[in-house]
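So in the numbering used here, spot 23 of the sequence shown is number 32, and the numbers just go up one at a time.
Quick reminder that beta carbons are idealized off the backbone N, C-alpha and C, glycines included.
Computed from a predicted structure; not experimentally measured.
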Amino acid sequence: MRGLNKRDNALFAFGFTSGLSAGFAVMLLVTGGKVEDTWSATFATMAITLAVVSFINYRKFKSLNSTTTINSTPVNTPTQP
């Protein structure tokens, strides 16, 4: 990941692996111990979560971007007397 230091990358890797293992453990309980169903349920849940988070961030960015106006007048414009 560009623009991040090693600490950020390590935190991301730790969060991703711990989240995946915790999600797998929960789905293992939900599916009753069938590993094939557990992988499918884990990745389906990850895909749904990613889609929801992406949609929320898109809406947030869209609303933030629509309210931001940029002043396009030049800075050193001579005024008419």
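Whether THR58 touches PHE33 by CB criterion (8 angstroms): Residue numbering aside, residue 58 sits at position 49 when the sequence shown is read from its first letter. Residue numbering aside, residue 33 sits at position 24 when the sequence shown is read from its first letter. Cβ atoms of THR58 and PHE33: not closer than 8 angstroms.
Contact check, THR47 vs THR40, beta carbons under 8 angstroms: Residue numbering aside, residue 47 sits at position 38 when the sequence shown is read from its first letter. Residue numbering aside, residue 40 sits at position 31 when the sequence shown is read from its first letter. Yes, the pair counts as a contact, with Cβ atoms nearer than the cut-off.
Assigned secondary structure, GLY41 (DSSP; H/G/I helix, E/B strand, else coil): On the sequence shown, position 32 is the one that residue 41 refers to. Reduced to three states, the DSSP call for GLY41 is coil.
Whole-angstrom distance between GLY42 and LYS69, CA atom to CA atom: Within the sequence shown, numbered from 1, the residue matching residue 69 stands at position 60. Within the sequence shown, numbered from 1, the residue matching residue 42 stands at position 33. Answer to the nearest angstrom: the Cα atoms are 39 angstroms apart.
Simplified DSSP assignment, three categories, for ASN14: The residue labelled residue 14 in the question sits at position 5 within the sequence shown. Looking at ASN14 - three-state DSSP - the assignment turns out to be coil, as it is neither helix nor strand.
Length of the line joining the Cα atoms of ASN66 and ALA60: By one-based count along the sequence shown, residue 66 stands at place 57. By one-based count along the sequence shown, residue 60 stands at place 51. Each residue's Cα considered, the two are about 10 angstroms apart.
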